[in-house]
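>
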Amino acid sequence: MATQNLELFYKPTCPYCHKVMSFMEQNNIELPMHDIVADDAARERLIEVGGKRQVPCLFIDGKAMYESGDIINYLSEVFHVSGSNNDSDDGSAAAACTIGGACSF
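Here the working numbering is used: the first residue of the sequence shown is 106, the next is one more, and so on.
(1) Considering only DSSP beta bridges, list what C162 is partnered with.
(2) How would you label H185, buried or exposed, when you count the other beta carbons within 10 angstroms and need 16 or more for buried?
(3) Kindly list the residues whose CB is nearer than 6 Å to the CB of A199, restricted to its own chain and excluding five residues on each side of it in sequence; keep chain order.
(4) Near L113, which residues of its chain fall below 6 Å by C-beta distance, leaving aside the five closest residues on each side in sequence?
(5) Thinking C-beta only, is I177 closer than 7 Å to P100?
(6) Using the DSSP secondary-structure output, state which residues sit across from C208 in a beta bridge.
(7) Determine, using beta carbons only, whether I152 and L111 come nearer to each other than 7 Å.
Below is the structure:
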C-alpha cells in the first residue's frame, strides 16, 4: 500500500475523539494531531477542507473521514492491527460506544 498522508483533527472534550486516540495509543499508532480548540488555524482548515464542523476527522491525503468507528476500522487496515478496542472498559462514553460517532462544534 502506498504511503498516505494521515492527520487527525480532534477536540479534547469529545468522547469519540478519545475513543480514536485510545485505539491509536493501544496500537502505538502515531499521526500528526490537531487540537481544534487550541489551534484556530487547524479548526478553520478542518471546516474549509473537510466541509463539516465535526470531529474526530481523519484527513487521508487531504480527504476527510468522519465517525470514530470508520476511522478506527480504517486505521486497523492501514496499520494491520485489531479494530476492537473494547478490552479496556473505563466506563466512559467513548468506551461504551461500539458503533462509532462524532461530535459537532
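In this text, a Cβ means the ideal position worked out from N, Cα and C, and glycines have one as well.
Just so it is clear, the structure is predicted and the values come from calculations on it, not from any experiment.
Judging by the given coordinates:
(1) Partner(s): F114 and Y171.
(2) With fewer than 16 Cβ atoms within 10 Å of its Cβ, H185 is classed as exposed.
(3) Only weak support is given to the placement of A199: the predicted model assigns it a pLDDT of 39, under 50, and the question is left unresolved by the model.
(4) Exclusion of the five residues before and after L113 leaves L136, M138 and L163 as the residues of its chain whose Cβ lies within less than 6 Å of its Cβ.
(5) Nothing in the structure corresponds to residue 100, since the chain is present only between 106 and 210.
(6) In DSSP, C208 forms a bridge with V160.
(7) No, the pair does not count as a contact, with Cβ atoms beyond the cut-off.
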